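Quick mapping for you: the protein sequence lines, in order, are chains S and E. Read in the working numbering, the first sequence has 147 at position 123, and its numbers run on one by one without any break. Read in the working numbering, the second sequence has 278 at position 280, and its numbers run on one by one without any break.
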Amino acid sequence: MKNPFELFGLEPNFLLDEQELSQKLRNMLQSVHPDRFASGSDQEQLAAMQKTTQINDAYGVLKSPVRRAQALLQLKAGLDGSKEVTVKDPVFLMQQLELREELETLSAKKDMGGLMDFAETIESMEDAQIASINELFQQEGENQLLESDKILTEIYKLQFLRKTLMDIEAAEEKILG
Amino acid sequence: MALLQIAEPGQSTKPHEHRYAAGIDLGTTNSLIATVRSGVAETLPDLEGNHLLPSIVHYAKDGTVSVGHSAKIFQCSDSENTISSVKRLMGRGLADVQAIKAFTANQLTASGIGEKGMPAIQVFDQIKNPIEISGEILKVLAQRAESALGLQKDEQLGGVVITVPAYFDDAQRQATKDAAQLAGLNVLRLINEPTAAAVAYGLDTGNEGIHAIYDLGGGTFDISILRLEKGVYEVLSTGGDSALGGDDFDRAIATHLVELAEVDSDDRQAYQMAMLKAREVKEALTDHESIDVHFMNWNGQIARELINELMTPIIDKTLLACRRTIKDAGLKPADIKEIVMVGGSTRVPLVQEKVGQYFKQEPMTSIDPDKVVAIGAAIQADILIGNKSNDQLLLLDVLPLSLGVETMGGLVEKIIPRNTPIPIARAQEFTTFKDGQTAMAIHVVQGERELVDDCRSLARFELRGIPPMVAGAARIKVTYQVDADGLLNVFAEETTSGVQAEIQVKPSYGLTDSQVTEMLKSSIEKAKEDMQLRMLREEQVEASRVIEAVRAALDDNGKLLLSQDEYEAIESSVIQLEIIAQGTDIEAIKEAIKIVDTNSKEFASKRMDASIAKALVGSEIDDI
Chain S
25 MKNPFELFGL EPNFLLDEQE LSQKLRNMLQ SVHPDRFASG SDQEQLAAMQ KTTQINDAYG
85 VLKSPVRRAQ ALLQLKAGLD GSKEVTVKDP VFLMQQLELR EELETLSAKK DMGGLMDFAE
145 TIESMEDAQI ASINELFQQE GENQLLESDK ILTEIYKLQF LRKTLMDIEA AEEKILG
Chain E
-1 MALLQIAEPG QSTKPHEHRY AAGIDLGTTN SLIATVRSGV AETLPDLEGN HLLPSIVHYA
59 KDGTVSVGHS AKIFQCSDSE NTISSVKRLM GRGLADVQAI KAFTANQLTA SGIGEKGMPA
119 IQVFDQIKNP IEISGEILKV LAQRAESALG LQKDEQLGGV VITVPAYFDD AQRQATKDAA
179 QLAGLNVLRL INEPTAAAVA YGLDTGNEGI HAIYDLGGGT FDISILRLEK GVYEVLSTGG
239 DSALGGDDFD RAIATHLVEL AEVDSDDRQA YQMAMLKARE VKEALTDHES IDVHFMNWNG
299 QIARELINEL MTPIIDKTLL ACRRTIKDAG LKPADIKEIV MVGGSTRVPL VQEKVGQYFK
359 QEPMTSIDPD KVVAIGAAIQ ADILIGNKSN DQLLLLDVLP LSLGVETMGG LVEKIIPRNT
419 PIPIARAQEF TTFKDGQTAM AIHVVQGERE LVDDCRSLAR FELRGIPPMV AGAARIKVTY
479 QVDADGLLNV FAEETTSGVQ AEIQVKPSYG LTDSQVTEML KSSIEKAKED MQLRMLREEQ
539 VEASRVIEAV RAALDDNGKL LLSQDEYEAI ESSVIQLEII AQGTDIEAIK EAIKIVDTNS
599 KEFASKRMDA SIAKALVGSE IDDI
């Protein structure tokens, strides 16, 4: 089976143009979506469903920075990016603790405004994290190998931020009832 | 078992022949059917000119079934045998619905459907399940369409699109599809009500951007966020509450009326009357600030302000769902370009006011909120049946609720998160726990909560026929496939041996395939139709559909994609099928269809790849 980049006719690269991606998605689905075969043969309906499933799945991978980085690592270094990593970076570990604490304090106080501001802070941290992952991928050149272990760690950090954002949302939902 | 009836039985359709398709809005309070005629989508009236068919079914002692206005007359006089709001029972469990006041404790009973028991209604000595009752409503709608379209006695609708609340779970969708099957309808697609409304508004015409569809019906609330770009409707997120609607306004007002009149709140007759009065009051206060009300022995004035107070908590609940759904789409309320109002309950001034305040703009209400969903469904049905050119509009929808499996300790492991575009599939690997183990069970649930008990149980899948191996050696790959209707299918394979595990599905609240067939059979026997003849016709129609589809594909790019041998193999199997389909041997026709299917499987897949390649080239040219 083709990898997500191939399926979308893209060079394997961490940087990608979201507009181009969704344009390609639309063009491909216009021709293979099951709705195009609603009165076709069973085989056509089945093939359309399978192709669309593949395309939707690949789109999901390409759209998410975490999953895209993992797919790229797999492709370039044969590494399974979804496996657990141990992060030893003390600055990050400290930060992790502080962020969890802040979330707990804000949700205990039922501080909606505070939670929203906190979410914005995490979002900008996410952007910075994505930028640094991109930098690591771009460094790979003629004389430089891909620093795949470092990338794994950075992906883990990004995942942590994502998880924190989801927990903030859950906390907000809980306050709103 | 799919009932696909595209053309007049026995006749093969010509490629560009117009086929009749309809869109059905199967609502909690009212249902409608619409079709596209001469390029215009419109809802169809009954002989008296009513477009809305009340979703009420009455069973008389002599077995006569009446639906709609003729059933509504019995609502007070024979309330025990008159069923309204049946949509609220679809795909649910008895325990879920006992709190709904639309049904009495006497009425609700066990249907014997599903592991956990779908509720049913006791009418005289018979038990009617929600699927059958909904089927009666669908039959009446289909008859209305057939007579409005001037179809002959042996002609049928080619296919229908039925709308469901976006927030319907798998069991509720499956129940809807089963009801259509019982009514003898070919379902082209189930589509979500808000998406249908978006189609009706023709939001593709120079109206690109992000739109929110706020759909408050009688018994359900849906909110969907859609992005429209170049004829593609992409659902970004969807949310709502499948047990919240305008009926709750009526109930809140009715409860207040019962209190005012100091009537016993357990008095069903009084409560039914209070509900009718409540609806009247609500509707009258749409245009008036205050009205005089007489209810039982109570007389007095009711001001809009009072009912607004009663309705506010319900509307606030909908706004909370809006907030969550906009967030799920990764957007803010300010990103919404337009907000479209759907469903009769959006006529309530307070709803429009509060929604307007939340989105900071005037909501769109130009199409009759009662008809907009059926109209959109009709437009989509017309496209799916092939009456329109392909490059028009495309709906890309999402899974409304996360799918998960039960793990140790009654916890849920999410497999496919909500708002994932469909169709989609995910695979999971399991292994055996004991030496020689040949079976295992998987419990699939739907919902966002962490505990199995807090989610909706969909089905238990029992895998059998796993080759006996030592514990932990077997690799069982279970694939969860959600199709374009949002329905789940599960496949399992032992990957080291390639053995397909047999799956037995035990739906928690739904029918198994054999139960559907059984119900279909008995309903046909009752109608004294010739089952054999009907099955033969279905098979012949299916055959001509396959012949036409495969021929069209061969003509399109068969020569390009196939070797001469492959081409000839497919062509000869098609010719073979054509000959056999003229006979009366149902099994032989089935077999011949299967051969064509097998022969053309590779070809279908090659065609998809060719289309993708073409689409990608196209997009690159556009980019320049």
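For every residue, glycine included, the Cβ atom is placed at its ideal position computed from N, Cα and C. Quick caveat, the model's predicted, so the values are computed rather than measured.
Chain E contacts from the region 53 to 68 of chain S (Cβ-Cβ distance under 7 angstroms): Leu53, Gln54, Ser55, Val56, His57, Pro58, Asp59, Arg60, Ala62, Ser63, Gly64, Ser65, Asp66, Gln67 and Glu68
Length of the line joining the Cα atoms of Lys181(S) and Glu150(S): 9 angstroms
For Leu575(E), the nearest candidate out of Ala541(E), Asn306(E) and Gln562(E) (CA to CA): Ala541(E)
Chain E within 8 angstroms of Thr188(S), Cβ atoms only: no
Completely contained beta strand (DSSP E) runs for the region 439 to 526 of chain E, where each covers 3 or more residues: 454 to 462, 474 to 480, 486 to 492 and 500 to 505
Arg124(S): contacting residues in chain E (beta-carbon distance under 7 angstroms): Going along chain E, no residue has its Cβ under 7 angstroms from Arg124(S), so there is no contact; the nearest lies around 19 angstroms.
Chain E contact for Glu193(S) (CB, 8 angstroms cutoff): yes
DSSP state of Gly37(E) mapped onto helix, strand, coil: coil
C-beta atoms of Gln105(E) and Ile125(E) nearer than 8 angstroms: no
Exposed unless 16 or more other CB atoms sit within 10 angstroms - verdict on Phe32(S): buried
Near-chain S residues of the region 401 to 420 of chain E - C-beta to any C-beta below 8 angstroms: Thr418, Pro419 and Ile420
Where the region 312 to 341 of chain E meets chain S: residues whose CB sits under 8 angstroms from a CB there: Leu318, Arg321, Arg322 and Lys325
Residue from Ser561(E), Gly229(E) and Ala372(E) whose Cα sits closest to the Cα of Asn190(E): Ala372(E)
Whole-angstrom distance between Val109(S) and Gly21(E), CA atom to CA atom: 52 angstroms
Contained beta strand (DSSP E) runs [length at least 3] in the region 193 to 280 of chain E, N- to C-terminal order: 207 to 214, 219 to 227 and 230 to 239
Residue range of the unbroken beta strand (DSSP E) whose run includes His292(E): Ser288 to Phe293
Contact check, Asp220(E) vs Gly238(E), beta carbons under 8 angstroms: yes
contact_flag[the region 431 to 441 of chain E, the region 90 to 101 of chain S] where n(CB pairs < 8 angstroms) is 3 or more: no
Chain S within 8 angstroms of Val548(E), Cβ atoms only: yes
Any chain S beta carbon closer than 8 angstroms to Ala613(E): yes
Contacts of Ala95(S) in chain E (Cβ-Cβ under 9 angstroms): Result: empty, since nearest Cβ-Cβ is about 16 angstroms, beyond 9 angstroms.
Cross-chain neighbours of Leu200(S) in chain E, by beta carbon under 9 angstroms: Leu318, Arg321 and Arg322
Counterpart residues of Met190(S) in DSSP-defined beta bridges: DSSP lists no partner for Met190(S).
Sequence-distant residues of its chain with Cβ nearer than 8 angstroms to Leu176(S) (five each side left out): Leu97, Leu103, Gly105 and Val109
Residues that DSSP places opposite Tyr57(E) in a beta bridge: Val63(E)
Residue from Ile300(E), Glu257(E), Arg322(E) and Asp333(E) whose Cα sits closest to the Cα of Gly681(E): With chain E covering only -1 through 622, there is no way to say anything about residue 681(E).
Neighbourhood of Val353(E) by C-beta, 6 angstroms cutoff - its chain only, sequence neighbours within 5 removed: Tyr212 and Pro361
Whole-Å CB distance - Ala140(E) paired with Leu183(E), under 8 angstroms assumed: 6 angstroms
Listed by chain order, chain C residues near Glu227(E) by CB distance under 9 angstroms: Note that chain C does not occur in the displayed structure, where the protein chains are S and E.
Interface residues of chain E facing Thr76(S) [CB-CB closer than 8 angstroms]: Pro421 and Ala482
Cβ neighbour criterion (16 or more within 10 Å) applied to Gln96(E): exposed
Proximal chain E residues relative to Gly84(S), where beta-carbon distance stays under 9 angstroms: Thr418, Pro419 and Ile422
Reduced DSSP secondary structure (H/G/I, E/B, other) of Val109(S): coil
Proximity below 8 angstroms, CB of Glu492(E) to CB of Ile474(E): For the 8 angstroms CB-CB criterion, Glu492(E) and Ile474(E) form a contact.
Beta carbon proximity, Arg543(E) to chain S, threshold 8 angstroms: yes
Short Cβ contact (8 angstroms threshold) for Leu534(E) with Ile464(E): No; because the gap between Cβ atoms is not below 8 angstroms, this pair is not in contact.
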